[in-house]
Amino acid sequence: MELQDAINQRHSIRQFTDKPVEKKTITKIVELAQRAPSWVNSQPWQVYCAMGETLQKIKDAYHEQDIAGKQGNSDLPVMSREDWDPQTQANMKQWRSGIVHHFANFDVAHENMTNASNTLYNSPVILYITIPKASPDWSIFDAGLFAENIMLAATAYGLGTIPTYNSVRFPTILHQTLGVPEDERFIVGISLGYQADTTINSYHSERRPVDEILHFN
Ligand SMILES: Cc1cc2nc3c(=O)[nH]c(=O)nc-3n(C[C@H](O)[C@H](O)[C@H](O)COP(=O)(O)O)c2cc1C
């Protein structure tokens with residue numbers, strides 16, 4: 549697959565089939581992603597692959613937290629939407645209205661998004677990316693580059709992905725279930741699998757015109 553095609557085809561998949569992904573394929577994807585650049589080649593990332601019974605335990609434990617009305621407590625802080633810059637707020641609003649338009653009905657869109665979120669997208673695999681707690685903000689940047697490489701490589705292997713805050717909302721559960729040392733922090737979880745043929749997955753979010761974000765001097 550051409551790189552341009554992988555970049556254009558990648559979009560967030562919010563419903564996966566039950567078809568498992570082979571460990572061999574996951575290993576190849578992560579190995580490719582390791583080519584990402586990082587500050588002084590620090591390669592700050594670790595990847596914890598949750599699948600099968602382990603992933604089910606995480607999903608069950610998250611469900612219990614949700615039923616108990618617990619708020620997420622991710623390692624990276626979440627900023628309330630009103631505090632974002634007006635242009636980024638406008639982009640977020642556009643995304644939401646795009647989804648509603650795609651489903652042609654707010655209630656259906658809301659129900660689909662909520663179900664997808666509550667089941668962690670029914671994905672057979674989540675790749676959890678961590679970095680050491682003792683690392684600079686630059687390592688978060690590096691982890692982002694690594695994460696995008698994972699998603700593009702997965703696209704080239706015919707797999708769908710979605711990076712989510714949702715999957716890293718309860719780090720205590722993740723430390724316990726995945727045996728992740730306490731001196732690491734969770735940056736993002738990438739759900740991975742074969743995409744289901746559903747309306748929610750056919751949504752391609754828009755981007756601002758390039759001349760609004762590219763400034764030649
Ligand atoms: C760090 C990060 C966290 C995200 N968390 C969520 C999430 O919790 N739930 C969700 O539905 N989408 C989540 N997304 C996906 C974004 O909504 C999505 O990338 C964006 O709308 C652009 O759409 P696209 O990925 O289809 O191009 C997240 C994306 C990133 C990069």
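FYI, the numbering for the sequence shown is 549 to 765, going by the numbering used here.
Backbone N, C-alpha and C fix where the C-beta goes; we use that ideal spot for every residue, glycine too.
Quick caveat, the model's predicted, so the values are computed rather than measured.
| Check | Outcome |
| --- | --- |
| Would Ile679 and Ile606 be called neighbours here (beta carbons separated by less than 8 angstroms)? | no |
| Does the distance from the C-beta atom of Trp593 to that of Ile677 stay below 8 angstroms? | yes |
| Can you look up Val626 in the DSSP assignment and give me helix, strand or coil? | coil |
| Look at the Cβ atom of Val565, then the Cβ atom of Gly706, and state whether they are nearer than 8 angstroms. | According to the sequence as given, residue 565 is Thr; it is not Val. No, these two residues do not count as a Cβ contact at 8 angstroms. |
| State yes or no: is the C-beta of Ser687 nearer than 7 angstroms to some heavy atom of ligand 1? | no |
| What first and last residue would you give for the alpha helix (DSSP H) that runs through Ser766? | Outside the modelled stretch of the chain, which goes from 549 to 765, sits residue 766, for which no answer is possible. |
| To the nearest angstrom, how far is it from the Cα of Ile574 to the Cα of Asn666? | 24 angstroms |
| Please give me, in chain order, every unbroken run of the alpha helix (DSSP H) with length at least 4 that falls completely inside the segment 693-761. | 719-726 |
| Measuring CB atoms only, is the segment 684-699 touching the segment 577-586, in the sense that at least three cross pairs come out at less than 8 angstroms? | yes |
| Which residue from Ser715, Ser750, Thr746, Ala701 puts its Cα closest to that of Met549? | Ala701 |
| Cβ atoms of Ile738 and Pro711: under 8 angstroms apart, would you say? | yes |
| I'd like the span of the beta strand (DSSP E) that includes Gln642, first residue to last. | Unbroken run through Gln642 is the alpha helix (DSSP H), 634-651; no beta strand (DSSP E). |
| When we look at the beta-carbon of Val578 and count the other beta-carbons within 10 Å, is it buried (16 or more) or exposed? | buried |
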